[in-house]
Amino acid sequence: MPRPLGTIAAALTLLLVAACNSASSGGSATGSSARGVTADTIKVGGIVSMTTASGYSKKDTDLGARARYDRANAEGGVNGRRIDYLGAEDDGQDPAKNLAAARKLVQQDKVFAVSPMSSVTFAGADFLNGQKVPTVGWGTLPSFCGPAYIYGFNGCLVPTPGGTLNQTWPEGLATVLGGARGKSVALIAGDNDAGKFGIRTFTQGFKAAGFQVSYAKAAVPATSMPSDWSAYTKEILRSGPGGGAPDAVVSVMQTPYNIGLFTALKRSGYKGVISDPTDYDPGLLAKDATRQALDGVHVLLQFQPFEADSPAMRRFKADIKRAAGGKDVPLNMHMLTGYMSADLFLSIAARAGEDLTAESFQKAAAGFSDTGTLVGDRAEPKGQKESFGCGALVRLTNGRYEVAVPFKCYPPIPFG
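My numbering puts the sequence shown at residues 420 to 835.
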């Protein structure tokens with residue numbers, strides 16, 4: 420018997436509503452209802468500072484992430500779904516561009532997750548967290564410490580009061596100097612959010628380790644690199660006990676700034692320890708001036724050094740080579756940032772099971788832990804309140820990086 424026209428119309432309306440709902444969520448009729456998840460794919464994008472005013476670039480973060488996602492796909496994906504990695508948006512270290520990139524990835528590209536996110540600005544954090552987008556990156560900003568859907572690949576590195584501080588850097592330099600007692604340290608950073616928080620946290624950390632912090636300023640212009648560093652070096656070199664030089668100078672800045680500062684310090688006759696957290700990159704050594712500026716510098720690593728011969732490091736190197744088209748490309752810390760951001764996302768997503776949604780991802784993260792990774796032992800939600808506490812120091816000597824303090828995990832201290 421023919422159906423009444425009203426019944427047919429109602430059925431068609433229901434089908435149209437279902438189709439619209441599926442399209443708006445980015446899902447599939449045969450897959451998950453979650454945005455960016457279909458029956459056989461998970462859509463992921465990244466946000467990375469590819470270009471900056473100073474010339475500093477984190478572009479290899481994208482290669483590192485791609486290398487890890489490629490291996491996941493070669494191994495069958497995540498619970499049968501392959502990762503559809505769209506690549507990273509370039510925020511240019513501009514807060515407005517960072518937020519715009521986050522909005523594009525969610526509203527236009529319909530991603531399920533953002534991983535990696537690596538920049539000195541994270542203006543898109545509130546938007547991503549509000550949209551329930553799992554986001555994984557380098558936890559050097561406060562936004563990685565607390566928001567439910569945002570994770571640092573090695574934990575929260577800039578905690579809020581009530582959290583804890585990673586003591587890798589202070590304890591590592593104490594080892595280099597034969598102990599912290601009676602030793603002074605000068606801390607310098609750029610005048611931006613990351614620099615200000617860095618000064619605040621590292622001041623507390625170095626004092627807790629037993630150092631005298633003789634100088635601690637986030638005073639260097641973040642948007643225009645100084646052509647004359649003398650004003651900074653004079654202050655630093657007179658900040659130690661009795662108006663002398665400190666035993667160590669610690670820079671919480673990016674490579675172009677470090678080259679200028681370190682060159683000026685050495686020309687002023689400084690003979691103490693110099694350290695930073697960014698200049699572990701063989702590609703920097705191609706230029707004589709850069710190599711000379713960084714010679715002798717102790718670089719903080721929050722992961723196993725590339726010189727380590729562990730199964731995890733051998734696998735990382737093989738994955739990078741494969742993603743680079745079979746070429747032996749110089750390794751750098753940005754590659755590992757992208758790689759480990761992707762790795763943490765994949766590890767949690769795998770435990771979320773076949774029904775992958777923002778909620779199931781969060782449930783899996785709430786009880787997540789593993790061991791023996793390139794950043795040490797990982798656990799959530801611990802990582803949203805404190806770092807995983809592991810790291811090493813390498814020293815550039817005669818154009819080669821050498822391990823100065825082996826990879827080790829240190830007990831954190833309360834942050835207040």
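Even for Gly, the Cβ is constructed at its ideal location relative to N, Cα and C.
Please read all numbers here as calculations on a predicted model, not as lab measurements.
Buried/exposed call for residue i, threshold 16 Cβ in 10 Å
{"i": "Gly795", "result": "buried"}
{"i": "Pro640", "result": "exposed"}
{"i": "Thr449", "result": "Below a pLDDT of 50, predicted positions are generally treated as unreliable, and Thr449, at 44, falls in that range; no measurement from the model is reported."}
{"i": "Ser766", "result": "buried"}
{"i": "Ser646", "result": "exposed"}
{"i": "Arg819", "result": "exposed"}
{"i": "Asn440", "result": "For Asn440, the pLDDT reaches just 41, beneath the cut-off of 50, and the residue's location in the model is therefore unreliable, leaving the point undetermined."}
{"i": "Asp747", "result": "exposed"}
{"i": "Asn517", "result": "buried"}
{"i": "Ala761", "result": "buried"}
{"i": "Gly744", "result": "exposed"}
{"i": "Gln526", "result": "exposed"}
{"i": "Asp707", "result": "exposed"}
{"i": "Gly574", "result": "buried"}
{"i": "Asp610", "result": "exposed"}
{"i": "Thr642", "result": "exposed"}
{"i": "Gly662", "result": "exposed"}
{"i": "Arg686", "result": "exposed"}
{"i": "Glu805", "result": "buried"}
{"i": "Gly582", "result": "buried"}
{"i": "Ala542", "result": "buried"}
Residue j beta carbon less than 9 Å from that of residue i
{"i": "Leu684", "j": "Asp698", "result": "no"}
{"i": "Val718", "j": "Arg797", "result": "no"}
{"i": "Asn751", "j": "Gly791", "result": "no"}
{"i": "Val463", "j": "Phe764", "result": "yes"}
{"i": "Ala667", "j": "Leu592", "result": "yes"}
{"i": "Val497", "j": "Leu793", "result": "no"}
{"i": "Arg741", "j": "Arg501", "result": "no"}
{"i": "Tyr568", "j": "Ala777", "result": "yes"}
{"i": "Phe546", "j": "Gly558", "result": "no"}
{"i": "Gly617", "j": "Val577", "result": "yes"}
{"i": "Gln586", "j": "Pro833", "result": "no"}
{"i": "Thr460", "j": "Asp503", "result": "yes"}
{"i": "Asp738", "j": "Tyr758", "result": "yes"}
{"i": "Val395", "j": "Leu812", "result": "With the chain running from 420 to 835 in the structure shown, residue 395 is simply not present."}
Boundaries (first-last residue) of the beta strand (DSSP E) holding residue i
{"i": "Val595", "result": "First-last for Val595: 587-595, but that is the alpha helix (DSSP H), not the beta strand (DSSP E)."}
{"i": "Leu518", "result": "No beta strand (DSSP E) contains Leu518, which is instead part of the alpha helix (DSSP H) from 514-522."}
{"i": "Thr790", "result": "788-792"}
{"i": "Pro749", "result": "Element bounds for Pro749: n/a, residue is neither H nor E."}
{"i": "Tyr570", "result": "569-571"}
Limits of the unbroken alpha helix (DSSP H) element including residue i
{"i": "Met752", "result": "752-770"}
{"i": "Leu713", "result": "707-713"}
{"i": "Ser779", "result": "777-785"}
{"i": "Ala627", "result": "612-627"}
{"i": "Thr652", "result": "649-656"}
{"i": "Pro675", "result": "674-686"}
{"i": "Thr554", "result": "Counting along the chain, Thr554 falls outside any alpha helix (DSSP H), though it belongs to the beta strand (DSSP E) covering 554-556."}
For residue j and residue i, believed in contact at Cβ under 8 Å, the rounded distance
{"i": "Phe621", "j": "Gln723", "result": "Not a contact, Cβ separation roughly 22 Å."}
{"i": "Val539", "j": "Thr554", "result": "Val539 to Thr554, Cβ: 16 Å. No contact."}
{"i": "Ser411", "j": "Asp695", "result": "Nothing about residue 411 can be read from this structure; the chain reaches only from 420 to 835."}
{"i": "Gly506", "j": "Gly465", "result": "7 Å"}
Among the options, the one whose alpha carbon lies nearest that of residue i
{"i": "Thr470", "options": "Asp481, Thr457, Glu654", "result": "Asp481"}
{"i": "Cys809", "options": "Leu720, Arg741, Ser537, Gly464", "result": "Leu720"}
{"i": "Trp588", "options": "Ala664, Asp545, Pro580, Ala599", "result": "Ala599"}
{"i": "Glu508", "options": "Gly597, Ala484, Gly624", "result": "Ala484"}
{"i": "Ala727", "options": "Ala823, Thr776, Gly663, Gly757", "result": "Ala823"}
{"i": "Ile607", "options": "Asp774, Tyr676, Met754, Phe735", "result": "Tyr676"}
{"i": "Phe531", "options": "Leu592, Thr579, Val456", "result": "Val456"}
{"i": "Thr652", "options": "Tyr689, Ala521, Gly661", "result": "Tyr689"}
{"i": "Ala705", "options": "Ile655, Asn817, Thr579", "result": "Asn817"}
{"i": "Gly629", "options": "Lys602, Gly609, Ala650, Val577", "result": "Lys602"}
{"i": "Arg375", "options": "Val716, Gly786, Met732, Ile832", "result": "Outside the displayed range of the chain (420 to 835) lies residue 375, so it cannot be described from this structure."}
{"i": "Pro665", "options": "Ile655, Gly715, Phe681", "result": "Ile655"}
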